[in-house]
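My numbering puts the first residue of the sequence shown at 4, with every later residue one more than the last. Notes follow once the structure below has been shown.
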Amino acid sequence: MNPRTFAPEHFLWTWEEGVATITLNRPERKNPLTFESYAELRDTFRALVYAREVKAVVVAGAGGNFSSGGDVHEIIGPLTRMDMPGLLDFTRMTGDLVKAMRACPQPIVAAIDGICVGAGAIVAMASDLRLATPETKTAFLFTRVGLAGCDMGACAILPRIIGQGRAAELLYTGRVMTAQEGESWGFHNRLVPREALLDEARALALGLAGGPTFAHGITKTQLNQEWNVSLETAIEMEAQAQAICMATNDFKRAFEAFAAKRTPEFKGD
């Protein structure tokens with residue numbers, strides 16, 4: 004992927020100073036996802052594994068909303084007419100989007116405003132950091148359309164963010180989590196005014212992009228992999244991971260900058 008020339012069909016893409024911004028751009032429908040946009044997002048996050056010029060990613064929605072989830076007419080309707088192999092192909096494909104988001108080494112910052120429901124809430128959940136506005140309304144509303152709450156990794160990831168009981172409530176009832184609840188429960192890292200949302204998200208991403216990006220990728224990997232191992236295994240995994248980081252030039256740059264009483268300039272190698 005060349006971030007300068009990348010031109011997706013189903014969302015907007017900008018790249019500046021190491022930060023890529025993905026904007027879901029169907030504001031007239033509150034930015035729903037389609038079969039095609041799911042697949043293109045999945046493929047984009049997969050490609051980011053090899054896009055070293057991209058240091059951090061912002062995901063946002065156009066028109067004052069994040070995403071209304073799967074499009075009712077373009078996804079929900081067709082799903083009711085599919086056979087089981089076709090349904091499983093779809094659910095595996097949507098799950099692959101979350102896998103791709105978690106596997107790409109760049110930190111992902113979700114800039115959430117307005118409606119953030121269904122698959123939109125999952126995309127926010129699968130991001131590494133979440134900034135929201137006081138107007139944000141988040142709902143994992145799968146049960147409201149007759150489906151289980153266990154969609155796209157929700158039962159694995161959401162309890163780790165907000166706790167088992169709170170996650171169970173949201174996944175069973177499909178009710179809206181207010182912005183204030185989301186902040187107090189730890190789903191949102193912080194709330195910012197609507198007019199400042201994108202600037203704050205980009206500033207956060209720029210700060211991450213200016214850091215030791217190779218080491219950020221290691222941190223993201225360990226956050227994912229240490230979910231299901233013992234403490235002893237996790238400590239050994241982190242010992243090996245940190246030894247790898249100690250062999251990087253960024254580690255040497257940080258020491259030299261500290262000794263010279265100046266700010267280090269990291270290059271991700």
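Built from N, CA and C at the ideal position, the CB exists for glycine as well. Here the structure is a predicted model, which means the values were calculated and not measured.
Asked, Found
"Burial state of alanine 135 (16 or more Cβ within 10 Å)", "buried"
"Sufficient close CB pairs (3 or more, under 8 Å) joining the region 210-222 to the region 52-67", "yes"
"Valine 126: first and last residue of the uninterrupted beta strand (DSSP E) it sits in", "No beta strand (DSSP E) holds valine 126; the alpha helix (DSSP H) holding it covers 122-129."
"Inter-stretch contact (C-beta, 8 Å, three-pair minimum) for the region 193-204 and the region 163-172", "no"
"Boundaries (first-last residue) of the alpha helix (DSSP H) holding valine 101", "87-106"
"Of the listed residues Gly185, Ala151 and Asp74, nearest to leucine 174 (C-alpha basis)", "Ala151"
"Cβ pair glycine 177, threonine 224 closer than 8 Å", "no"
"Opening and closing residue of the alpha helix (DSSP H) in which alanine 237 lies", "234-249"
"Backbone CA spacing between cysteine 153 and arginine 95 [nearest angstrom]", "13 Å"
"Near the ligand FMN: glycine 152 beta-carbon under 7 Å from a heavy atom", "Looking at this structure, you won't find the ligand FMN or any other ligand, since it has none at all."
"Burial state of phenylalanine 269 (16 or more Cβ within 10 Å)", "buried"
"Leucine 44 beta carbon less than 8 Å from that of leucine 91", "no"
"Reference leucine 200, options Ala23, Asn34, Arg133 and Gln183, closest by Cα", "Arg133"
"Option in Thr222, Asn68 and Val120 with minimal Cα separation from alanine 106", "Thr222"
"Exposure label - aspartate 116; buried when at least 16 CB within 10 Å", "buried"
"Cβ pair valine 112, leucine 207 closer than 8 Å", "yes"
"Reference phenylalanine 14, options Gly271, Ala65 and Ala50, closest by Cα", "Ala65"
"Span of the beta strand (DSSP E), counted from its first residue to its last, around alanine 257", "Note, alanine 257: premise wrong, no beta strand (DSSP E); alpha helix (DSSP H) at 252-262."
"7 Å CB neighbourhood of serine 40 in its chain, flanking five on each side removed", "His13 and Phe14"
"Whether valine 52 touches alanine 114 by CB criterion (8 Å)", "no"
"Lysine 140 in three-state terms, based on DSSP", "strand"
"Residue range of the alpha helix (DSSP H) that includes glycine 64", "Segment 59-64 is the beta strand (DSSP E) holding glycine 64; no alpha helix (DSSP H) there."
"N-terminal and C-terminal residue of the alpha helix (DSSP H) that arginine 45 is part of", "38-50"
"C-alpha gap between cysteine 248 and leucine 27, whole angstroms", "35 Å"
"Contact under 8 Å by Cβ, aspartate 74 with proline 35", "yes"
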